[in-house]
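Taking full-length UniProt numbering, I'd label the letters of the sequence shown as residues 1 to 111. This report concerns only the one structure given below.
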Amino acid sequence: MRGYPVYDPPHKVEERLLSRERATENFDYFMQVRQQRAAFFRDWLRRWFWVRLTPDKMGVRALNRWGNRYAGLLLHHDGQGVPPENAYHSYDPPWVGNYARCNVLFDMGIA
């Protein structure tokens, strides 16, 4: 996952727990980076898994097949530290190192 961009919103709390103002700031950040993240994710899938995502049914099916095969590994917990699904919701620990896979899960949703 080396080199995978970190999703780094200004307020690292579940958006549903934020004030309207802070949630809006997080949403604005998302809108600024979403296209670049989606493009990076598509390129990453093509480079490392030979999966080509397209904005049609075939692309959705390709992502679904990849997700069925590999997405569970993104949530694998080795028993040490915080489980990835907890980090995904709380941004704690940050989405780097062993938690960089949270970035991939996030980008699956915007691809």
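Ideal placement from N, C-alpha and C gives every residue a C-beta, glycine not left out.
* **Assigned exposure category for R16 - 16 Cβ within 10 Å defines buried** => What you label residue 16 is simply residue 16 of the sequence shown in a count that begins at 1. Flag for R16 reads exposed.
* Asked: For P5 versus Y29, is the C-beta spacing smaller than 7 Å?
  -> Counting from one through the sequence shown, the residue named residue 5 turns up at place 5. Counting from one through the sequence shown, the residue named residue 29 turns up at place 29. The Cβ atoms of P5 and Y29 lie no closer than 7 Å to each other.
* Asked: Counting Cβ pairs closer than 8 Å, one from the region 71 to 78 and one from the region 91 to 109, do we hit at least three?
  -> yes
* Asked: How should D107 be labelled, buried or exposed, when 16 other C-beta atoms within 10 angstroms of its C-beta is the threshold for buried?
  -> As a working mapping, residue 107 is identified with position 107 in the sequence shown. Burial call: buried.
* To do: Measuring alpha carbon to alpha carbon, tell me which of R42, L18 and W66 ends up nearest P55.
  => Position 55 of the sequence shown, counting from 1, holds the residue named residue 55. Measuring from the Cα of P55, the nearest candidate turns out to be R42.
* Asked: Taking the C-alpha atoms as reference points, what is the distance between E25 and V104?
  -> For the purposes of this step, residue 25 is taken as the residue at position 25 of the sequence shown. For the purposes of this step, residue 104 is taken as the residue at position 104 of the sequence shown. Approximately 22 Å, taken between the alpha carbons.
* Asked: Taking Cβ to Cβ, would you say V82 is nearer than 7 Å to W66?
  -> Residue mapping note: residue 82 aligns to position 82 of the sequence shown, counting from 1. Residue mapping note: residue 66 aligns to position 66 of the sequence shown, counting from 1. Taking 7 Å as the Cβ cut-off, V82 and W66 do not qualify as a contacting pair.
* Span of the alpha helix (DSSP H) holding D78? -> Indexing the sequence shown from 1 puts residue 78 at position 78. Unbroken run through D78: none, as it is neither H nor E.
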